[in-house]
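Only one structure is covered here, and it is reproduced in the block below.
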Amino acid sequence: MLYELVALTRISSPLHLNQEAKQVANTIGKLIIENRGVVRKVYSLGAKPLPRIVKKENEKHFQSYNFMMLFDASSSASSEVARAMKADPRVIRGNIIKVQKENDFFTNQFSIDRVADPSKRYT
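In this text, residue positions in the sequence shown follow the numbering used here: the first is 2, and each later residue adds one.
Here it is in structure tokens:
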């Protein structure tokens with residue numbers, strides 16, 4: 002199945018905003034490949050302020066570096082990735098969404114396409 006992962010990672014150094022996001026994406030990618038999955042694309046969504054202060058692991062976060070990853074894997078592999086993201090202190094929030102099949106209503110539209118092109122957004 003095709004999955005879409007969105008992760009908000011902490012920013013530990015203002016000089017190196019994407020350092021921990023790269024490490025997290027690398028770790029998650031290796032985990033997917035170890036479980037016989039395929040990483041299709043990784044999108045950087047940049048650093049953004051959080052709408053409210055978020056606590057995780059006794060740390061308060063007010064900004065995050067965000068990225069999105071498209072990958073093919075089994076359902077057990079995706080649940081293992083979700084467990085690993087939840088346990089990783091570098092990940093503030095993370096979510097995995099199963100992308101619909103081609104014959105469904107939204108054909109070949111990923112969240113990144115809807116964000117990048119407002120004409121493809123649905124209501």
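The beta carbon of each residue, even a glycine, is placed where N, CA and C say it ideally should be.
For residue 54, the uninterrupted beta strand (DSSP E) run begins and ends at 39-57, by DSSP. Counting along the chain, residue 98 sits inside the beta strand (DSSP E) bounded by residues 92-99. In the DSSP assignment, residue 86 falls within the unbroken alpha helix (DSSP H) covering 76-88. Rounded to whole angstroms, the gap between the alpha carbons of residue 31 and residue 38 is 9 Å. Shown here, residue 32 sits in a helix according to DSSP, grouped into three states. DSSP, reduced to helix, strand and coil, places residue 27 within a helical segment of the structure shown. The Cβ neighbour count for residue 5, taken over all protein chains shown within 10 Å, is at least 16; the residue is labelled buried.
With contacts defined by Cβ atoms closer than 8 Å, residue 50 and residue 63 form a contacting pair. Annotation: residue 17 is outside any beta strand (DSSP E) and is labelled neither H nor E by DSSP.
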